[in-house]
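Comments concern the structure below.
2 protein chains.
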Amino acid sequence: MSQDAPTAPRPRRPLHGAARPGGENLLFLTDQQLRQGVELMFFAYRDMVADADRLLETRGYGRAHHRCLHFVWRSPGLPVTALLDILKVTKQSLNRVLRQLVEDGLIRSEIGREDRRQRLLRLTPDGEDLVRALSAAQNERMRRVFLDAGPEAVQAFKTVLAGMIDEASRDAALALIEDQG
Amino acid sequence: MSQDAPTAPRPRRPLHGAARPGGENLLFLTDQQLRQGVELMFFAYRDMVADADRLLETRGYGRAHHRCLHFVWRSPGLPVTALLDILKVTKQSLNRVLRQLVEDGLIRSEIGREDRRQRLLRLTPDGEDLVRALSAAQNERMRRVFLDAGPEAVQAFKTVLAGMIDEASRDAALALIEDQG
DNA sequence: TTTTAATGTCAACAACGCTGACGTAAAATT
DNA sequence: AATTTTACGTCAGCGTTGTTGACATTAAAA
């Protein structure tokens with residue numbers, strides 16, 4: 001069954017209904033438009049991570065390792081609990097990849113000075129090398145797309161994505177994202 | 182190590198560098214901007230699929246089932262190979278969830294009339310019900326975000342996402358996306 | 001008739017989520 | 001000082017979903 005179940009003939013291509021001046025054109029909110037947004041997220045995300053995935057598998061790592069390295073890089077010295085909050089996975093799941101990365105010498109974990117229960121995570125030089133390589137793979141795609149789209153489109157792109165984050169975690173996520181390393 | 186390794190002091194918040202009129206402002210192409218795009222994709226995608234995930238797990242299904250149902254819904258009667266091309270997974274991986282969905286009566290598979298080797302996939306009424314419920318979960322989030330952002334932002338959002346799809350599969354993906362069920 | 005294409009299936013494996021249970025060290029609270 | 005809570009690690013087991021490799025069937029194509 002289609003999404004709108006319309007009985008009247010549809011306009012041929014209502015993809016981007018131009019808003020009438022001062023009007024209340026809501027054609028961009030049809031179920032069809034929403035579905036397109038979801039599908040585009042699926043395809044774009046799949047291909048965006050594919051570049052890094054190829055690099056990772058040559059080292060026997062997966063996406064979980066990538067995410068772990070990335071956010072440790074972004075917030076050097078962050079405790080394990082903070083990383084758990086960012087990734088929203090269980091500590092068992094995180095610990096599996098974290099242990100590997102520490103054993104492999106990409107991340108080092110040191111006891112917190114203020115709170116000695118904490119393990120503060122940092123990248124080693126090798127870890128930084130890998131993060132740089134992973135970023136380069138994804139950035140090349142992103143740069144080309146951003147250049148084609150232009151600054152206003154990039155801004156809109158970010159606004160929409162930010163709106164899709166759960167309200168409960170949005171502020172924290174945006175703070176992390178906008179923080180200059 | 183930071184992404185730009187700048188030695189000069191950075192502007193405090195170059196998040197959305199306003200293009201000078203007629204100028205060649207490329208502040209929106211800094212590594213920082215690209216990184217933000219990647220991170221936003223991560224957070225937004227994670228939370229976008231979370232709604233459907235919750236619904237799926239009550240039925241013992243996962244995302245693979247969702248994707249399968251979704252694209253069969255979008256292209257009723259499509260053969261298995263076409264679905265493999267869309268999802269870009271192995272036939273063994275697809276077949277595992279496809280078998281379940283057929284056994285559970287959400288998808289029916291019928292022998293192709295022109296090519297009797299093909300199995301043409303269609304949703305059963307039960308399958309359509311589940312797809313509708315899954316779409317509803319995701320559409321609510323998307324609708325709210327689109328409404329807040331406005332039609333121009335939505336358009337830009339889609340343009341950027343489309344640009345992130347691999348060139349090799351972009352045309353096919355966009356044709357599928359823009360096709361009105 | 002031989003080859004190729006479309007599909008299904010079995011087996012084994014890996015990445016990465018999850019729950020539950022248990023343990024240790026250190027901080028916080030009572 | 002004793003208790004509780006927090007931060008972390010770990011073992012065991014399980015589920016989803018991806019992979020490769022091998023093999024079989026059916027039907028279309030050459």
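As you go down the protein sequences, you meet chains Y and P in turn. First residue of the first sequence: 1, per my numbering; consecutive thereafter. First residue of the second sequence: 182, per my numbering; consecutive thereafter. Every residue gets a Cβ at the ideal spot worked out from N, C-alpha and C, and that includes glycine. Keep in mind it's a predicted model, so treat the numbers as computed, not measured.
| Asked | Found |
| --- | --- |
| Cβ of Gly77(Y) within 9 angstroms of any chain P Cβ | no |
| Residue-chain proximity (Thr340(P), chain Y), Cβ-Cβ < 9 angstroms | yes |
| Nearest-angstrom Cα separation, counted from Val253(P) out to Pro76(Y) | 45 angstroms |
| Cβ pair Ala149(Y), Val326(P) closer than 9 angstroms | no |
| N- and C-terminal bounds of the beta strand (DSSP E) containing Ser75(Y) | Taken as a continuous stretch (DSSP letters only), Ser75(Y) belongs to no beta strand (DSSP E), as it is neither H nor E. |
| Rounded C-alpha distance that separates Asp241(P) from Ala162(Y) | According to the sequence provided, residue 241(P) is Gly. The question's Asp does not apply to it. When rounded, the distance between both Cα atoms is 30 angstroms. |
| Beta-carbon spacing of Ser274(P), Asp47(Y) below 9 angstroms | no |
| Burial state of Glu220(P) (16 or more Cβ within 10 Å) | buried |
| Any C-beta of chain P under 9 angstroms from that of Val72(Y) | no |
| CA-to-CA distance, Leu311(P) to Val283(P), given in whole angstroms | 14 angstroms |
| Buried or exposed by the 16-neighbour rule on C-beta atoms within 10 Å, applied to Ala153(Y) | buried |
| Helix, strand or coil at Ile288(P) [DSSP, three-state] | strand |
| Cβ pair Glu291(P), Leu301(P) closer than 9 angstroms | yes |
| Cβ of Ile107(Y) within 9 angstroms of any chain P Cβ | no |
| Cutoff 8 angstroms; reference Asp51(Y); Cβ partners in own chain excluding five residues on either side | Ala137, Gln138, Glu140 and Arg141 |
| Simplified DSSP assignment, three categories, for Arg248(P) | helix |
| For Ile288(P) and Asp307(P), the rounded distance between their alpha carbons | 8 angstroms |
| Through-space distance from Asp53(Y) to Arg63(Y), alpha-carbon basis | 7 angstroms |
| Collapsed DSSP secondary structure at Leu101(Y) in the structure displayed | helix |
| 8 angstroms CB neighbourhood of Phe157(Y) in its chain, flanking five on each side removed | Ala149 |
| Burial state of Thr239(P) (16 or more Cβ within 10 Å) | exposed |
| Neighbour flag for Val219(P) against chain Y, beta carbons, 9 angstroms | yes |
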